[in-house]
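Trainee:
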Amino acid sequence: MEPAGLEQILRELLLPDTERIRQATEQLQIALRDPAALPALCDSLASAADPQIRQFAALLIRRRLSTRWRRLGAEHRESLKSLVLTAFQRETEHNVSLSLAQLAATIFRKEGLASWPQLMQLLQHSTHSPHIPEREKGLLLLSVVVTSRPEAFRPHHRELLRLLNETLGEVGSPGLLFYSLRTLTTMVPYLGADDVPLVQMLVPKLIMAIQTLILVDEAKACEAMEALDELLESEVPIITSHLSDVLTFCLEVARNMALSDAIRVRILCCLSFLVKVKSKALLKNRLLSPLLHTLFPIMAAEPPLGQLDPEDQDSEEEELEIGLVGETPKHSAVQVVDMLALHLPPEKLCPPLMPMLQEALQSESPYQRKAGLLVLAVLSDGAGDHIRQRLLPPLLQIVCKGLEDPSQVVRNAALFALGQFSENLQPHISSYSGEVMPLLLAYLKSVPPGHTHHLAKACYALENFVENLGPKVQPYLPELMECMLQPLRNPSTPRAKELAVSALGAIATAAQASLLPYFPTIMEHLREFLVTSHEDLQPVRIQSLETLGVLARAVGEPMRPLAEECCQLGLGLCDQVDDPDLRRCTYSLFAALSGLMGEGLGLYLPQITTLMLLSLRSTEGIVPLYDGSSSFLLFDDESDGEEEEELMDEDEEEEDDSEISGYSVENAFFDEKEDTCTALGEIAVNTSVAFLPYMESVFEEVFRALECPHLSVRKAAHEALGQFCCALHKACQSCPSEPNTAALQAALARVVPSYMQAVYRERERQVVMAVLEVLTAVLRSCGTFTLQPPGSLADLCNMLKAVLQRKTACQDTDEDDDDEDQAEYDAMLLEHAGEAIPALAAVAGGDAFAPFFAGFLPLLLCKTKQSCTVAEKSFAVGTLAESIQGLGAASAQFVSRLLPVLQSAAWEADAEVRSNAIFGLGVLAEHGGRPAQEHFPKLRGLLLPLLARERHDRVRDNICGALARLLMASPKGKPEPQVLAALLHALPLKEDLEEWVTIGHLFSFLYQSSPDQVVDVAPELLRICSLIQADSRVPADTKAALLLLLTFLAKQHADSFHSALGSLPGDKAQELQASLGLT
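In structure tokens:
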């Protein structure tokens, strides 16, 4: 093929004429099949006068070489390498230079440095050139080549860092600065400890370089800030020594109103990340106060005159998300405060924050008051425990007052704050329903018709508050239902209907069976929306599906007759409508129905699993982000990208995707994948054996989702994998077979190591907490299967120990810090690890676990000191108590270390700590053998006075349980009359109903060991029996043991029995006689 002919085709492709482009595309496809096409393209690259032709030629050569490089002869390859470097050196057009650099990077990916020494020579020559334009081109080539294969440059790190130290000082050349920062961004993840001194020297220059770029090109400056993100995230300590300078720079940019929102938002994102990864260093360097003093004015900024913030506008256009909307400096600043709450101890954050918060809330400016309420909202997430324990009444009062503020802007923020409080401050906030519910209902009724944006905010607060109320919702149920059914019965906007249907789900969650009188009406409305074909009602249809799933869980049995119809409806909708939100809600519905139908869902599993696998495999919504230099940007016509794709034949050599700089994924598709994983896990457990034919394919696809960049999807995938293991174990029990056992063992052999890897390496605490929680569930469900591979017990214990010692990737371990205060989420992480310890003890057996428990003991005991927080003490004492139970008789060797700690904690001011400690004393008495028995007199002397003075129901119940265990473990084999009388007098249990099992064991023990001794307490036994006979919450075994004891009394000590019976009301006495078969 003649170069001129090919060049003419390329020229046609650049014309603004669709028909000529189509014809030229067809000609190009034919031309590229000619072996002479590559030399012709090379000729165009070297000699075409038009830069667009040269750039197009570079793109097409790169596409061909990415899959055909190995087919070229050695001489041809060398010729091409030489041509590319020569063309690059000669090129004067920036865009063409960029394309040539990408072409060089494609060849470099195939060849490496050793096979292409000329590339390294050109880089060394051009990057050290005294001429700035040549040097800039050298840095451009370096940044593109290093990005394409960063690990190849490891041996050259010192040389490159010295070069960057020079080029980052060239503040007069923005191009040099930009490409230097891009090179550094790519290098940082590959830096080692030896590189630290050199790279630390770059930090001040990096700050200066970004400052320079901000003044010249804010878009480039935003991109260059990735270097700062990488340095902050680096595992080697680079930024810490310059943290004050970095923070000062970020704050200067954030507060500069003259800059665009985009650059200020980007710098605030950097600040959020800084807080996340360097929280301890932030405190150590006393940088919290200047940070807060910068954030508050940004959060309280007023919008331009005559305008409102996006979230305060009310329009009939598509609804914006509740709460903080869009990327503005104000919202980004609030997110920094959110990050502070999540990553700093409340004891450190609140003292400087509260005075500023108080000033904002008392301000005359509505935007100051709004800022205060937004801060309260995000504070409830990270510092929820601190607020619950110390600040809830006054802060809730402030939020409720905000609902009646004269400014709509403040009322909106108060609704958001109330919604967040309702989500984050459970269960304590539900006890304020008497104050909150009338306010919310009044607010809901006050929203003018058509103001759907304000209505959405009110419904957000209402839903979050109502769904956790449980039985407390009943007084408000008639009024709530009237409010929500009214827009469904009468003409109203689709958005108003959608909000009402959503609220019905929240009400159902709280009301449960109390909703039954309204159930037929609700179903009638939902059916109407589910079969609608009106496009504007599509969001209502999706919400109806979600609410239908909620109803299936809340109402239960009355939904069973409708289960099959709901299944068919869901499958039909997925077939008709291609919408990720609709599929997501349908999958949640299937999961809810699996709880009702069990293996009956098996008939629909082929279709359900096919749909869900497609959702997991789908790349829909994933959009490649091409490098700004991509030649695709030459074409505005949407079809051009497709045309160029068609030019390339499929080939076995790996496709080069070096021009793709990342991917953007629409949130709806991430949500779909997350909910798919969640639903599959639940369906697998509920359908058990019926799910086995689909287990392998589903397992593999969910396992792949562990690599997803979105943390919610990874979290859901980990949880689903654990549920698959539980489902397989359930199948092994109900349908024992070698294939089922082998499937369970194979699943555990992959899942448990993946959990350990996640705990050590995962950067997001929410994911690690979910992994620890599901690991505990797997241990409890699958038992010894979990520990079958040799060394598993030791590996799991070492992993949990690493969490307790704060040595995992998601814990801030940057500095040597003796400060014992920690963020609440860090404490929650330890709690999740603590729950796995007793589960391991129970599975491994006391003797096998005892040596590992000895290793955990110091780490747990140090959390019981007087200086520790209530949450830490509760966690540590609770973990110790549960572990004693798991250790069984092996706990005897730890009595001397555990007893003093538990005795001391039994006098703590906090009821939960007391409760845990007393439970621990009881199980230590039960399992501690002779070493514990020596302390029984002291334990009785502690527990009896505690029982007499204790007013907290749960603690009293735990004292009863502990005394029961003490009586049964008595070395005399007979209960002490005084202890038995005090215990029985304190019954029945009120809150910790699990202790009825222990009380039942005591009744059996009394019957077997010394039934004659209960004659003196016969009136108490009869009183207890009369109170619990009709109580469904008391286990049948406990009732049976008590009846056996009373039958003995009635037969062997009739006078005492009938005398005691006379003390009961007549109807109770008759019921009891009937239960005992006495006339």
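Residues 18 to 1096 (the working numbering) are what the sequence shown spells out, left to right. For each residue, glycine too, the CB sits at the ideal point set by N, CA and C.
(1) Give every residue of the same chain whose Cβ lies closer than 7 Å to the Cβ of Asp843, excluding the five residues on either side of it in the sequence, and list them in chain order.
(2) Kindly indicate which residue of Val1031, Leu215 and Ala238 has the alpha-carbon position closest to the one of Met225.
(3) If you count every other CB in all the chains shown that lies within 10 Å of the CB of Ala275, and 16 or more means buried, which is it?
(4) My understanding is that Val887 touches Asp927, with C-beta atoms under 8 Å, so please give their C-beta distance in whole angstroms.
(5) Where do the N-terminal and C-terminal ends of the alpha helix (DSSP H) with Leu432 fall, by residue?
(6) Return the first residue and the last residue of the alpha helix (DSSP H) that Asp398 is part of.
(7) Relative to the C-alpha of Gln805, which candidate in Ser635, Lys732 and Ala759 has its C-alpha closest?
(8) In chain order, what are the residue ranges of uninterrupted alpha helix (DSSP H) at least 4 long that sit wholly in the segment 833 to 894?
(9) Mind pulling the alpha helix (DSSP H) runs of 4 or more residues that sit fully within the segment 445 to 491?
(10) Work out the CA separation of Ser519 and Lys15 for me, nearest whole Å.
(11) What do you get for His471, buried or exposed, if any count of 16 or more other CB atoms within 10 angstroms of its CB means buried?
(12) Can you give the beta carbon distance from Phe720 to Arg767, rounded, assuming they're within the 8 Å contact cut?
(13) Sorted by chain position, which residues of the same chain lie with C-beta nearer than 7 Å to Asp692's C-beta, five sequence neighbours on each side aside?
(14) Tell me, please, whether the segment 985 to 997 touches the segment 946 to 957 by the rule of three or more beta-carbon pairs shorter than 8 Å.
(15) On the three-state DSSP scale, how would you describe Gln1046?
(16) Given Glu662, which residues of its chain have a CB within under 6 Å of its CB, disregarding the five upstream and five downstream residues?
(17) Give the straight-line distance between the Cα atoms of Leu248 and Arg88, rounded to the nearest whole angstrom.
(18) Contact check, Ala478 vs Ser439 under 8 Å by CB: the rounded distance?
(19) What is the DSSP secondary structure of Ser190, reduced to helix, strand or coil?
(20) Name the two residues that bound the continuous alpha helix (DSSP H) containing Gly1108.
(21) Short check: CB of Leu374 to CB of Ser296, under 8 Å?
(22) Between which two residues does the alpha helix (DSSP H) containing Asn815 stretch?
(23) Sorted by chain position, which residues of the same chain lie with C-beta nearer than 6 Å to Leu215's C-beta, five sequence neighbours on each side aside?
(24) With 16 as the cutoff for other CB atoms within 10 Å, does Gly316 come out buried or exposed?
(25) Determine, using beta-carbon pairs with one atom in the segment 1057 to 1064 and one in the segment 1000 to 1010, whether at least three such pairs fall under 8 Å.
(26) Indicate whether Ser632 and Lys690 have their beta-carbon atoms separated by less than 8 Å.
(27) With DSSP collapsed to three states, give me the class of Lys1085.
(28) Looking at chain B, is there any beta carbon in it that lies within less than 8 Å of the beta carbon of Pro488?
(29) In whole angstroms, what is the alpha-carbon distance linking Ala858 and Gly573?
(30) Of the residues Pro52, Ser61 and Glu36, which one's Cα is nearest the Cα of Pro25?
(31) Measure the alpha-carbon distance for Gly401 versus Thr203 and round it to whole angstroms.
(32) Considering only C-alpha positions, which residue in the set Ile227, Thr345 and Ala241 is nearest to Arg281?
(33) Could you check what DSSP says for Glu29 in three-state terms: helix, strand or coil?
(34) Since Gly698 is in the alpha helix (DSSP H), which residue starts that stretch and which ends it?
(35) Closest to Lys890 by C-alpha separation, out of Asp864, Ala923 and Gly863, would be which residue?
(36) Return helix, strand or coil for Arg303, following the three-state DSSP convention.
Mentor: The answer reads as follows:
(1) Here residue 843 refers to the residue found at position 826 when the sequence shown is read from its first residue. Contacts found: Gln828.
(2) Residue 225 sits at position 208 when you count from the first residue of the sequence shown. Minimum Cα distance to Met225 is reached at Ala238.
(3) Numbered from its first residue, the sequence shown carries residue 275 at position 258. Exposed is the call here.
(4) As a first step, residue 887 is located in the sequence shown; it is residue number 870 there, counting from the start. As a first step, residue 927 is located in the sequence shown; it is residue number 910 there, counting from the start. Indeed they touch by this definition, with Cβ atoms about 5 Å apart.
(5) Position 415 of the sequence shown, counted from the first residue, corresponds to residue 432. Its alpha helix (DSSP H) spans residues Gln425 to Asn441.
(6) Taking the sequence shown and counting its residues from 1, one reaches residue 398 at position 381. Pro383 to Gly399 is the span of the alpha helix (DSSP H), which, as asked, contains Asp398.
(7) Here residue 805 corresponds to residue number 788 of the sequence shown, with the count starting at 1. Comparing Cα-Cα distances from Gln805 to each of Ser635, Lys732 and Ala759, the minimum goes to Ala759.
(8) If we require 4 residues or more, the alpha helix (DSSP H) runs fully inside the segment 833 to 894 come out as 841 to 861 and 863 to 878.
(9) Here the runs fully enclosed are 450 to 463 and 469 to 483.
(10) With the chain represented from 18 up to 1096, any question about residue 15 goes unanswered, as that position is not in the structure.
(11) Residue numbering aside, residue 471 sits at position 454 when the sequence shown is read from its first letter. Result: buried.
(12) Within the sequence shown, residue 720 is the residue found at index 703, counting from 1. Within the sequence shown, residue 767 is the residue found at index 750, counting from 1. Their Cβ separation, rounded to whole angstroms, is 7 Å, which keeps Phe720 and Arg767 in contact under 8 Å.
(13) Stepping through the sequence shown from its first residue, residue 692 is reached at position 675. The answer, listed in chain order, is Arg601, Tyr604 and Ser605.
(14) Counting Cβ pairs under 8 Å, three or more are found: they touch.
(15) Numbered from its first residue, the sequence shown carries residue 1046 at position 1029. DSSP, reduced to helix, strand and coil, places Gln1046 outside both helices and strands of the structure shown, so it counts as coil.
(16) Counting from 1 along the sequence shown, the entry for residue 662 is found at position 645. In this predicted model, Glu662 has a pLDDT of only 36, less than 50, meaning its place in the structure is not dependable; the value taken from the coordinates is given anyway. Contacts found: none.
(17) As a working mapping, residue 248 is identified with position 231 in the sequence shown. As a working mapping, residue 88 is identified with position 71 in the sequence shown. Near 41 Å, if we compare the C-alpha coordinates of Arg88 and Leu248.
(18) Taking the sequence shown and counting its residues from 1, the one referred to as residue 478 is at position 461. Taking the sequence shown and counting its residues from 1, the one referred to as residue 439 is at position 422. Contact flag correct, Cβ pair sits at about 7 Å.
(19) By one-based count along the sequence shown, residue 190 stands at place 173. Note: Ser190 maps to coil in three-state DSSP.
(20) Because the chain is modelled from 18 through 1096, residue 1108 falls outside the range shown and cannot be assessed.
(21) For this step, residue 374 is matched to residue 357 along the sequence shown. For this step, residue 296 is matched to residue 279 along the sequence shown. It is not a contact, given that the beta carbons lie outside the stated cut-off.
(22) Position 798 of the sequence shown, counting from 1, holds the residue named residue 815. Element bounds for Asn815: Ser809 to Leu821.
(23) Numbered from 1 along the sequence shown, position 198 holds the residue referred to as residue 215. Hits under 6 Å: Leu178.
(24) For the purposes of this step, residue 316 is identified with residue 299 of the sequence shown, where counting begins at 1. Strictly speaking, residue 316 in this sequence is Met, with Gly absent from that position. Buried, by the Cβ-count rule.
(25) Flag = no, the segment 1057 to 1064 and the segment 1000 to 1010 do not touch.
(26) Looking up residue 632 in the sequence shown gives position 615. Looking up residue 690 in the sequence shown gives position 673. The answer is yes: Cβ separation under 8 Å.
(27) The count along the sequence shown starts at 1 and reaches residue 1085 at position 1068. Note: Lys1085 maps to helix in three-state DSSP.
(28) In the displayed structure, chain B is absent; only one protein chain is listed.
(29) Taking the sequence shown and counting its residues from 1, one reaches residue 858 at position 841. Taking the sequence shown and counting its residues from 1, one reaches residue 573 at position 556. Spanning the two alpha carbons is a distance of roughly 36 Å.
(30) Taking the first residue of the sequence shown as 1, we reach residue 25 at position 8. Here the sequence assigns Gln to residue 25, which means Pro is not the residue at that position. Cα-wise, what sits closest to Gln25 is Ser61.
(31) The count along the sequence shown starts at 1 and reaches residue 401 at position 384. The count along the sequence shown starts at 1 and reaches residue 203 at position 186. Taking the straight line joining both Cα atoms gives about 38 Å.
(32) Here residue 281 refers to the residue found at position 264 when the sequence shown is read from its first residue. When C-alpha distances from Arg281 are compared across Ile227, Thr345 and Ala241, the shortest belongs to Thr345.
(33) By 1-based counting over the sequence shown, the position of residue 29 is 12. Three-state result, Glu29: helix.
(34) Counted from its first residue, the sequence shown places residue 698 at position 681. Segment Asn684 to Thr704, the alpha helix (DSSP H) holding Gly698.
(35) Numbered from 1 along the sequence shown, position 873 holds the residue referred to as residue 890. Of Asp864, Ala923 and Gly863, the residue nearest in Cα terms is Ala923.
(36) On the sequence shown, position 286 is the one that residue 303 refers to. DSSP places Arg303 in coil when its eight states are reduced to three.
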